Structures are given as structure tokens and as C-alpha cells.
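In my numbering, the protein residues as written are -4 to 90.
Dropping the structure here:
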């Protein structure tokens, strides 16, 4: 599988480590009144879709960037790759 890194171009999947669902970018606020419930869902409740899915990948053997990869879990076709920092900024997060 080839991941088209937004800065470095096409890279072999072996340079990366899969870290899970990209919803991890949406970490709940720890001061919320229902923080315990939110963190329970954040940590333990995940979808396992067959089809298009947004995932976090870490470029461990490269520039050590975090990527959000949109991939079909059935065919492994990658349709989009973005820097996780850009995705977080679009959601109003600074980090």
C-alpha cells in the first residue's frame, strides 16, 4: 500500500504506523460536566466500518508527521491524505 504524503510524496506503508480512528483528534474537554462519559466513549467506543474510513497514521520512519488518511477498509484504496495538524486547525484546534 502506498500513502501519498502531502509533503514528501508517495511512501510505502511500512514507513508508517497505524494509530486508529481519526476521531481521536476530537478529544473531549476534561472540564466538561459529563467528562467521564465523554472520555469513556472517546477511549472505548469505536466504529469498525467496512468501507470508507478516516484513520490516523504516524510517519515513524520519516518526518514523524501525523496524517489523516481516508481509506476504504475493504479495498485498501486511499482517497485522501491530509496532515493531522491541518485537519485539527479546520476544526478550530490549535494543537
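The C-beta atom is built at its ideal place from N, Cα and C for all residues, glycine as well. The structure presented is a predicted model; accordingly, all values stated were derived computationally and were not measured.
* How would you call residue 40, buried or exposed, if buried means at least 16 neighbouring beta carbons within 10 angstroms? -> exposed
* **residue 76 beta carbon less than 8 Å from that of residue 1** => yes
* Asked: From residue 70 to residue 52, what does the alpha carbon distance come to, in whole angstroms?
  -> 18 Å
* Asked: According to DSSP, is residue 19 helix, strand or coil?
  -> helix
* To do: Examine the Cβ distances between the stretch 54 to 70 and the stretch 25 to 40 and report whether three or more of them are shorter than 8 Å.
  => no
* **Straight-line gap, residue 60 to residue 50 (C-alpha atoms, nearest Å)** => 14 Å
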